[in-house]
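For reference, the structure discussed in these notes is given below.
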Amino acid sequence: MKDPEFNLLDEPWIPVRLLDGSVVEIGLLELLRRTTEIADLACELPTQSIAIQRLLLAIAYRVATPLDAHDWARQWDDGAPTEQMIEYLEQWRDRFYLFGGRFPFMQAADLRTAKDEVKTLDVIVACVPKEDKRLFSTRQLSGLTQLSASDAARWLVHVHAYDSSGIRSGAVGDQQVTKGKGFPIGPAWCGHLGLVWLKGRDLDETMVLNLIPADTGELRGVGGSLAWGACSWEDPEPESAVRGDYSLLDPSGTPRDISIPRLLTWHSRRVRLVGDSAGVRGVVLAQGDKLSPQEMRLYEPQSLWSYSKEQSRKFKQDVYMPRKFKLENALWRNLPGTLPTPTMIEGADKQLKRQFLPSATLSFHYQLENDSIVTTYPRLVRIQAVGVAYRSKETEIEDVYSDELALPVAAIRAERHALAVVIDQQVRLTEDVSGAVGTLAANLALAAGERGKGDGARDRAKERFFAVVDDPFRAWLAQVDGNEDARDVGQYWKDSLRRYALAIQNELVACASSSAIVGRDTDRGYMNVGLAETYFRSALDKLVPAPDNKQEGMK
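Printed below as a string of structure tokens:
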């Protein structure tokens, strides 16, 4: 066994963007000493940054979990618990060597297959496309023959969080291997989730914003008193190929209480990097510990959730599933159900259920002011949303979702319920208006002779509409400060929304062909430009009536 080398506490491997805009690469200890100088992580993918930040957050929970809101407020005023985190890391220094020894970081030192197979590095480098899409990546074949130790460390953390599903190498010692293969157990843990991450002015504030108290709502496992209360690298025995299914509701598994530090450092795969500090040339990648997402809201603090009638019927209890992000939707379009405005639906047992649940982290901040805590809390809360879309039975990463939104604190406080309701209503109204715009485009396409239902034109028009309203909606939202009446706040966006819809109408009509002006018979009756406009204006007037002091005519 070779001697340990490349300790992640000291070696530079985490790219960060400083407050002055420059980007540097630093080790864990230097990062913690400079949290007030760091704006954010600057990794190759947002998923890579969030995976490393969750690792940092796990350490913060391990050493300084707030007991309650008052304890959190004290921590906020004091700043992130960096001194305790540094002391903890020094205590576990031997577990942060990337290569060598009995405890290589987040790896199984003896992991191998029966034939001693080693995979190429593209199995862990998530942004490497297939052959037909290689031109859209900054990584080409030459970049896959070897990775630097720092690059490999980042992808190691990432593969435990976001690896796709599919067959993996069958590891010696894994009793679940069949015919030399490790059959699919689903994507790595974070791949199930729609994660939201709160961001402060610097990394110091960011860590405290995401470090919520032990008594938050229904959340379990915040403290470290559980058998699995520690981070994964604290296990007394080296990791092996042996793995388990710890899914909470799976009768065939062996569920157990999971602390937040354990979950944030979960080993969804078994990994061994083949190489040393001079470079990594290959990897052994096998299946790891399985977690299914049903009802994991009790342990996972950062994902959004939605009620599943299908899963509730299956497990004969209320089941919430992670609410993943749609690639085409900006984060503000997910605000219904994210804000503290409960929407009720009929459940599997015919009783009313909350359709959506915010993350436990958001829930804590929604309720924070109710505890009469006076702190230098920010006026705007910046929320970053991160997720992954898979395809082909989740065996390939299709794309990475990342968006940020500045939410006014006044709109998220539980006692300002009226403001949250108005914002929720305006998001839903904007979706409805986009539908009317899409119908206008579809009718114009049918009038011009397009076959079918005009779905292509509909989708393009809605995409154009959301491109137009995206920046204005974000600007309107950021200005909601609680000083105006909620109805006035809503009316301002309604007036703006009507103007944008009419502008898109003019664009679409101006581009209509001469044949569309004449029109033709369709499956929905006769259609021409004039009729399409009339139908659109009727729908728009119902959704967003024209102000009394304006007389608008069709152009």
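Read in our numbering, the sequence shown has 1296 at position 264, and its numbers run on one by one without any break.
Where is the CB? At the ideal position from N, CA and C, for every residue including glycine.
Here the structure is a predicted model, which means the values were calculated and not measured.
- Residue ARG1386 holds the alpha-carbon nearest to the alpha-carbon of ASP1350 among GLY1320, TYR1331, GLY1369, ARG1386.
- Between ASP1456 and SER1272, the gap from beta carbon to beta carbon reaches 8 Å or more.
- GLY1481 and GLN1537 have their C-alpha atoms roughly 19 Å apart.
- Under the 10 Å beta carbon count, MET1376 is surrounded by fewer than 16 other beta carbons and is classified as exposed.
- The C-alpha of LEU1389 is placed about 9 Å away from the C-alpha of SER1335.
- Pairwise C-beta distances place the stretch 1297-1306 in contact with the stretch 1315-1334, as three or more of them are shorter than 8 Å.
- Between LEU1451 and ASP1154, the alpha-carbon positions lie close to 48 Å from each other.
- Here the alpha carbons of PRO1268 and GLY1488 stand approximately 58 Å from one another.
- Residue pairing by DSSP places PHE1131 opposite GLU1037 in a beta bridge.
- Each of ALA1468, TYR1433, LEU1394, GLN1458 was checked against the Cα of ARG1445, and the nearest Cα belongs to LEU1394.
- Pairing VAL1228 with ILE1415 gives a Cβ-Cβ distance under 8 Å.
- With distances taken between CA atoms, ASP1553 lies nearest to LEU1476 out of LEU1476, LEU1179, VAL1500, LYS1494.
- The beta carbon of THR1114 sits closer than 8 Å to the beta carbons of LEU1064, ARG1065, THR1067, ASP1236 from its chain, once the five residues preceding and following it are set aside; these are given in chain order.
- For PRO1113, DSSP assigns no beta-bridge partner whatsoever.
- Judged by DSSP secondary structure, ASP1072 falls outside any alpha helix (DSSP H) and instead within the beta strand (DSSP E) spanning 1070-1073.
- Counted as a single uninterrupted DSSP element, the alpha helix (DSSP H) harbouring MET1239 occupies residues 1235-1241.
- Here LYS1034 is exposed, its C-beta having fewer than 16 other C-beta atoms within 10 Å.
- By the beta-carbon neighbour count (other beta carbons within 10 angstroms, threshold 16), TYR1129 is buried.
- Excluding its 5 nearest sequence neighbours in each direction, TYR1278 has C-beta neighbours in its own chain below 8 Å: GLY1285, THR1286, PRO1287, ARG1288, ILE1290, ASP1321, LYS1322, LEU1323, listed in chain order.
- Rounded to the nearest whole angstrom, the C-alpha separation of ALA1548 and ARG1086 is 55 Å.
- When DSSP states are grouped into helix, strand and coil, TYR1093 belongs to the helix group.
- Straight through space, the alpha carbons of GLY1218 and ASP1234 are spaced by roughly 35 Å.
- For ARG1355, there is no enclosing beta strand (DSSP E), as DSSP marks it with neither H nor E.
- A Cβ-Cβ distance of about 15 Å is found for the pair ARG1355 and SER1344, leaving them out of contact under the 8 Å criterion.
- Here ALA1421 is bridged, per DSSP, to ASP1431.
- ARG1414 sits in a strand when the DSSP states are folded into three classes.
- Straight across, the Cα-Cα distance linking ASP1513 with ALA1442 is about 6 Å.
- Residue pairing for ILE1058: DSSP places it in a beta bridge opposite ILE1046.
- Residue burial is scored here from C-beta neighbours: CYS1263 has at least 16 other C-beta atoms within 10 angstroms and is therefore classed as buried.
- With 16 or more other Cβ atoms inside 10 Å of its own Cβ, ASN1560 counts as buried.
- Pairing GLU1062 with LYS1147, the inter-Cα distance amounts to about 41 Å.
- Taking a 10 Å sphere around the C-beta of ALA1310, we find fewer than 16 other C-beta atoms and assign the residue as exposed.
- In this structure, SER1466 is the residue among TYR1409, LEU1073, SER1466, TRP1187 with its C-alpha nearest to the C-alpha of VAL1576.
- Of the candidates ALA1074, ALA1479, VAL1418, ASP1502, ALA1074 places its Cα closest to the Cα of VAL1055.
- GLN1178: not part of any beta strand (DSSP E); DSSP gives it neither H nor E.
- Check the Cα spacing between SER1570 and each of ALA1533, ARG1556, ALA1544: the tightest is with ALA1533.
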